[in-house]
Amino acid sequence: MGCISGLGQGTAQTWARAAAGQSAIAPFGLPRNEDERTTGPAAPIGEVNDSGVAAHFDRRAIGQLDPLSRYALIAATEAIGEAGLIGDPVLDRRTAISIGCGSGGNTTFETAYRRLYERGQNRVHPQTIPAAMISAPASQIAMLFGVHGPAMTIASACASSAHAIGEAMHMIRAGRVEVAIAGGAEACLTLGSWVAWASLGAMASDTCRPFSIDRQGLVLGEGAAILVLEAWEHAIARRATIHGELIGYGASTDAAHITAPDQAGIEAAIRAAHADATLALDVPVLISSHGTGTGLNDATEARALKAIYGATLAESLVIATKSAHGHLIGGSGALEFLLGLKALQAGLAPPSAII
Amino acid sequence: MPPSRDEIIAIISEEARIDEAKLTSDVTLASLDIASLDVVSVLFAIEDKNGVEIPVEAINPAQTLGQFVDGILAKVSAV
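One line per chain: the protein sequences are Z and X, in this order. Residues 1 to 355 in the numbering used here are what the first sequence spells out, letter by letter. Residues 1001 to 1079 in the numbering used here are what the second sequence spells out, letter by letter.
Right under this line is the structure:
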């Protein structure tokens, strides 16, 4: 497992801060490093340390990267390194890459647009398209680690990286690959992206308070989380460190409204996951929730959980870590999966971090 | 304010991903193995910082690093 977010770089630091109830949400101004035109709360990444990537690869091989791909590569290098698979022959033909992203390389697109619209220049960088395309993180991971199996990007808004992990699990179950590098990334703390999110009316002006009566909305974060999924027999045979077993996955589509959540859609996905895992609904569980902090999401999500689990919900734990790392949009599901798994391992539910 | 020679060297090091210690004024771009795409990246980084346009056609691989930096400084100072 590997990750980077406002909480820091690396699974150990990220978990330690989340478990301690710390939050990366702080006052933030855009554009970065320039005269601020807009401010609000966000969970930005501070220092980025590329040395883990540089230890394995010539930095000239990495090329022009949008922060979206840079975050994904840092998380992937940690995950694949920790799995002991860097340079392993399985990466060549028997590995898939499945990465969820909500938007593409916002920084790269906006830099190009500023040249065209703001400064009246006529040329943009020749690497604008390859750096900014939404599939760049998957392609960069494939090139860096020599993965020749399918490398795909799933874009399904805030569910992107949860879908990426679930679909990767089914690729392994179907016998198509032995290993899948799965997760997600987002780098949306740019002026254009920020203003567009703000205009949606879903952003909080103070902080992210999931399931709180006084919640105001979501707070944007950024980063990536990547996991190495592996066929059970393959992991046993090579004596890999096994963090957990992924036993089920369910997905549904609301087909109701482009932004508003739908209780029936949420319930359908959870029921499908339990059916896939052959796990009864009356077994106490740990739920790493979506918990965005918006009025609409949290109320709908809570109603769906109550409808499905009934009295058992009182014995289960619901965690909502966006209060710590903000909303990573396409990267959220993977980071919340990773933190949920760490919580299970540690036997500790991280608190909602409310400043 | 136009950038200093050292600032331009720092941009070249960053964009072309070459250690600054190797960036002496007498070496040619060709001997540094700077890809043409990296030269473009250097020019775009300087353009974005200084609001100038530097035609990539003005650069050739036989140039020394010193000539390359001189050419950039001339463009930036002319603004």
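Ideal placement from N, C-alpha and C gives every residue a C-beta, glycine not left out.
Listed as beta-bridge partners of F28(Z) by DSSP are G40(Z). In this structure, G183(Z) is the residue among I45(Z), G183(Z), T292(Z), A55(Z) with its C-alpha nearest to the C-alpha of A225(Z). Taking 8 Å as the cut-off, the beta carbon of G6(Z) is found closer than this to the beta carbon of A43(Z).
Counting only Cβ-Cβ distances below 8 Å, R119(Z) has contacts in chain X at G1051, in chain order. Under the Cβ criterion (8 Å, minimum of three pairs), the segment 286-295 of chain Z counts as touching the segment 311-321 of chain Z.
Each residue's CA atom was taken as its position, placing A168(Z) and S352(Z) some 29 Å apart. With contacts defined by Cβ atoms closer than 8 Å, A131(Z) and Q216(Z) do not form a contacting pair. Close CB contacts of V1039(X) within its chain, under the 6 Å cut and outside five residues either way in sequence, are with I1059 (chain order). The beta-carbon separation of L30(Z) and W194(Z), rounded to 5 Å, stays under the 8 Å limit for a contact. Put simply, of P284(Z), T241(Z), H327(Z) the residue whose alpha carbon is nearest the alpha carbon of A311(Z) is P284(Z). Contact annotation: T11(Z) and I99(Z) have beta-carbon atoms that are not nearer than 8 Å. In the pairwise beta carbon analysis, the segment 261-269 of chain Z is classified as not touching the segment 166-180 of chain Z: fewer than three pairs are separated by under 8 Å. Counting only unbroken stretches of 4 or more residues, the alpha helix (DSSP H) elements lying wholly within the segment 97-132 of chain Z are 106-113, 128-132, in sequence order. For the segment 1020-1044 of chain X, residues whose beta-carbon sits nearer than 7 Å to a beta-carbon of chain Z comprise L1037, V1040, S1041, F1044. Here the segment 1026-1038 of chain X does not lie against the segment 332-349 of chain Z, with fewer than 3 beta-carbon pairs under 8 Å apart.
Cβ proximity to chain X below 9 Å picks out R119, Q121, N122, R123, V124, H125, P126, Q127 from the segment 118-142 of chain Z.
DSSP, read as helix, strand or coil, puts I4(Z) in strand.
Note that the C-beta distance between A269(Z) and G250(Z) is below 8 Å.
Contact between I181(Z) and I141(Z) is confirmed by a C-beta separation of about 6 Å, below the 8 Å threshold.
In the three-state reduction of the DSSP assignment, V283(Z) falls in the coil class, being assigned neither a helical nor a strand state. When secondary structure is reduced to three states using DSSP, H274(Z) falls in the helix class. Annotation: M1001(X) to V48(Z) spans about 29 Å, alpha carbon to alpha carbon. No Cβ of chain X is located within less than 8 Å of the beta carbon of T108(Z).
Within chain X, the residues whose beta carbon sits less than 8 Å from that of T111(Z) are D1048, listed in sequence order.
Contact check between the segment 153-166 of chain Z and the segment 90-109 of chain Z: three or more CB pairs, one atom from each, fall below 8 Å, which counts as touching. Secondary structure of G183(Z) (DSSP, three-state): strand.
Across the structure, R93(Z) and V1076(X) are spaced so that their CA atoms are roughly 50 Å apart.
Looking from the CA of E1007(X), the closest CA among A1035(X), V1056(X), K1049(X) belongs to K1049(X).
With fewer than three CB-CB distances shorter than 8 Å, the segment 111-131 of chain Z does not count as touching the segment 81-92 of chain Z.
A distance below 8 Å between beta-carbons, with the five flanking residues on each side excluded, links L344(Z) to the following residues of its chain, in chain order: G244, L286. Of the residues assessed, E1020(X) falls on the exposed side of the cut-off, its CB having fewer than 16 other CB atoms within 10 angstroms. Looking at the backbone, the Cα of I134(Z) and that of G223(Z) are separated by about 14 Å. Boundaries of the beta strand (DSSP E) around M152(Z): 151-154.
Closest option to M143(Z), judged by alpha-carbon separation, among G192(Z), D58(Z), Q121(Z): D58(Z).
With 16 or more other Cβ atoms inside 10 Å of its own Cβ, W15(Z) counts as buried.
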